[in-house]
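Residues 157 to 408 (our numbering) are what the sequence shown spells out, left to right. Every residue, glycine too, gets a C-beta built ideally from N, C-alpha and C. Down below is the structure, laid out as structure tokens.
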Amino acid sequence: MGQIVYKKTKGLTDLPLTYCPGCTHGIIHKLVAEVMEELGLLDKAIGIASVGCSVMSYYFFNCDMIQAAHGRACAVATGIKRTNPDNIVFSYQGDGDLASIGIAETIHAANRGENITVIFVNNAIYGMTGGQMAPTSLIGQKTTTSPYGRNLEDHGMPIMISEMFATIPRAAYIERVSLTTPNKVKKAKESVRKAFQYQIDKKGFTMIEFLSTCPVNWGMTPIEAMKWVDNSMSKYYPLGVFKDIGEKDGNN
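Structure below.
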């Protein structure tokens, strides 16, 4: 028999993903699932599915999953983690869910230092509901609710979530990653691993922000969408670590 070079992670079910071609939700799912399997967390992980394109992520992650109301994933995660402190709890949220209707729940979870992990998928648009402008849509970006492009006077600046959360004292680890090259995908996986390890070590609130693609609502091909992440999104939303308490106790 030949040597196994690649095997699908047990962290994902056998159901086919329902995301549009070129959307990087599938890559993010794969990375989160692989990390959970490699860290031996599948039997103790509890995921919170948000409302948005990832609403059916409870079909895809091969661990216990709960569906939260729109924007309330961190509130649900808080309740689950406090009643089950030995479980690993993560939310999976888009930018509309987290940065708009759920911004209060997410900020206060970080401010309390809740020992949970947030997987934040930023594709700068409302994907599932028709391509409306999101809090993270870029200046000049055309959406169904900003057909002439987002402008500063009417809409304000796009919210820089990672930078904002890095100012919260009890946030333990905040990083923004991308998926446009194999090296960046590898780096993103290590960031997810670190976030889960920090939760295992009870360091506190962790969040990984992914710059993700939405080729359909952006009106681009998958290749064009990847280039737009590099050439436009990454310029406004720079990649990197914005907060890392390192070896310090996350409860201090």
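Endpoints, the alpha helix (DSSP H) within which residue i is located
i, result
"ARG332", "Note, ARG332: premise wrong, no alpha helix (DSSP H); beta strand (DSSP E) at 327-334."
"ILE257", "Note, ILE257: premise wrong, no alpha helix (DSSP H); not H, not E."
"GLY396", "From DSSP, GLY396 is part of no alpha helix (DSSP H) but of the beta strand (DSSP E) over 396-400."
"PHE321", "317-322"
"ILE183", "181-194"
"ILE272", "That residue, ILE272, is in no alpha helix (DSSP H); it is neither H nor E in DSSP."
"ALA381", "378-384"
Contact set for residue i: own chain, Cβ-Cβ below 7 Å, skip 5 residues either direction
i, result
"MET376", "TRP384"
"ASN351", "Checking the sequence, you will find Ala at residue 351 rather than Asn. Cβ neighbours of ALA351 beyond the five flanking positions: THR273, TYR329, THR362, ILE364."
"SER347", "GLU331, VAL333, ILE364"
Own chain partners of residue i with C-beta closer than 8 Å, once the 5 adjacent residues on each side are dropped
i, result
"ALA301", "A small fix is needed here, since residue 301 is Thr in this sequence, not Ala. If we look at THR301 and ignore the five residues flanking it on each side, its Cβ neighbours are GLN288, MET289."
"LEU308", "ILE295"
"PRO394", "ARG332"
Pairwise C-alpha distance: residue j and residue i
i, j, result
"ASP242", "ARG306", "44 Å"
"ASP253", "VAL161", "37 Å"
"PHE398", "ILE315", "15 Å"
"LYS200", "GLU319", "31 Å"
"MET382", "THR369", "7 Å"
"THR323", "MET221", "30 Å"
"LEU168", "ARG326", "31 Å"
"LYS237", "GLY158", "43 Å"
"ILE426", "PHE217", "Only positions 157 to 408 of the chain appear in the structure, and residue 426 is not among them; the question remains open."
"ASN248", "VAL211", "The sequence given here has Tyr at residue 248, not Asn. The straight-line gap from Cα to Cα measures roughly 9 Å."
"LEU335", "ASP386", "9 Å"
"THR239", "ASN373", "39 Å"
"PRO338", "MET192", "20 Å"
"MET389", "LEU367", "7 Å"
"GLU270", "TYR392", "28 Å"
"CYS179", "VAL232", "27 Å"
"THR299", "ILE281", "8 Å"
"ILE139", "ILE244", "The question about residue 139 has no answer here: the residues shown for the chain are numbered 157 through 408."
Opposing strand residues paired with residue i [DSSP bridges]
i, result
"LEU367", "ASN278, SER334"
"ARG306", "ILE295"
"VAL341", "Per DSSP, none; premise fails for VAL341."
"MET221", "GLY203"
"THR362", "THR273, TYR329"
"ILE198", "Correcting the residue type first, residue 198 is Leu in the shown sequence and not Ile. Beta-bridge pairing links LEU198 to no other residue."
"LEU168", "PHE217"
Host beta strand (DSSP E) of residue i (start-end)
i, result
"ALA229", "Note, ALA229: premise wrong, no beta strand (DSSP E); alpha helix (DSSP H) at 229-239."
"GLY250", "244-250"
Beta-carbon spacing of residue i, residue j below 8 Å
i, j, result
"SER293", "GLY250", "no"
"LEU234", "ALA265", "One detail in the question is off: residue 234 reads as Thr in this sequence, not Leu. In this structure, ALA265 lies closer than 8 Å to THR234 by Cβ."
"VAL333", "LYS340", "yes"
"ILE401", "VAL277", "no"
"GLU261", "CYS230", "yes"
"PHE246", "THR273", "yes"
"GLY283", "GLY208", "yes"
"SER256", "PRO303", "no"
"ALA344", "LEU187", "yes"
"GLU203", "ARG228", "Note on residue identity: the sequence assigns Gly, not Glu, to residue 203. Cβ atoms of GLY203 and ARG228: not closer than 8 Å."
"LEU171", "TYR214", "no"
Beta-carbon contacts of residue i that lie in its chain and below 6 Å, excluding the five residues immediately before and after
i, result
"TYR175", "HIS181, GLY182"
"GLY296", "GLY305"
Closer than 7 Å: residue i CB and nearest the ligand FAD heavy atom
i, result
"GLY158", "No copy of the ligand FAD occurs in the structure displayed, which carries no ligand at all."
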